[in-house]
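Student: Sharing a structure with you now.
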Amino acid sequence: MSNSPQNTRNRLLENYPALQTLPGDQLTQLLANARAVSLPAGSMVFDENQACEGFPMLLSGSIRVIKASPNGRELQLYRVHPGESCILTSSCLLGHSNYTARGIVEHNAEILMLSTTHFNQLIQNHTEFREYIFHLFAERLTDLMQLVTAIAFQKLDQRLAAALIKKPHPIHTTHQALADEIGSAREIISRILKGFADQGWITLGREQIDIVNSTALKQLAEI
């Protein structure tokens, strides 16, 4: 990470305002002991059964947290963006357990890795940081419950329609990326997308999807 210490400090406080109330000397000590990491897209941040070595605070980029099956299929659990935390990491640190999923850099990431000791000190002694962590726990659990509900009760075409209408348009992605996001096979996703295109709901291009009839997709997603 090529930023100056002051710039890194400013970016940390901008993305994680819960730390703004941390006394200056404690913040200085935290930054002095944090490990700066730059990871390109596709890098693995952590893997299943791996011990947790610290708490990542994302300054730029994004991370996908996925659950992989033995046959190579993936299910995206959630994404982590700057200012957010990985609740799986928090859970591992608080519960002294290993990771049960995999974290992959989606877009080039800059990370400040807090040591386990400093994470525990913040949880124990800094009210704002503790409330921030538990608030994100609640949000992520809600997201995961929605994911479980969708998998259990929605058909695949409904889940794909819901995923498409949530994305900025035009959608720049691959069929494989969509398959990984909702936990299916690329061939099945390609077949459903072709069905949507045949009905005039979308048009398909090279790594691009244009939505033509968002109303139809929303109606399918809400069935």
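Start counting the sequence shown at 9; every next residue gets the next number (the working numbering).
Glycine included, C-beta positions come from ideal geometry on N, C-alpha and C.
Everything numeric in this text was worked out from a predicted model, so none of it was measured.
Return the chain-ordered ranges of every alpha helix (DSSP H) run that is complete within the segment 49-119 and spans a minimum of 4 residues.
Tutor: As far as the segment 49-119 is concerned, its whole alpha helix (DSSP H) runs of at least 4 residues are 95-103.
Student: Compare the Cα-Cα distances from Q166 to each of Q216, L225, K175 and F137 and report the closest residue.
Tutor: Looking at the Cα atoms, L225 is the closest of the given residues.
Student: Using the rule of at least 16 other Cβ atoms within 10 Å of the residue's Cβ for burial, across every protein chain shown, is H115 buried or exposed?
Tutor: Exposed, by the Cβ-count rule.
Student: Have a look at T124, V53, V113 and G80 and flag the residue whose alpha-carbon is nearest the alpha-carbon of R194.
Tutor: Checked all of T124, V53, V113 and G80; the closest Cα to R194 is G80.
Student: Counting only beta-carbon separations shorter than 9 Å, does V220 have a partner in chain B?
Tutor: Going by chain labels, chain B is absent from the structure shown, which holds only one protein chain.
Student: Over what stretch of residues does the beta strand (DSSP E) that includes S43 continue unbroken?
Tutor: It is Arg, not Ser, that sits at residue 43 in the sequence shown. That run of the beta strand (DSSP E) goes R43 to L47.
Student: Give the single residue among L120, I141 and S192 whose Cα lies nearest to the Cα of I159.
Tutor: Answer by Cα proximity: S192.
Student: With which residues is D218 paired in a DSSP beta bridge?
Tutor: DSSP, once it has assigned bridges, lists T211 as partnering D218.
Student: Please classify T108 as buried or exposed, where buried requires at least 16 neighbouring CB atoms within 10 angstroms.
Tutor: When all chains shown are included, T108 counts as exposed.
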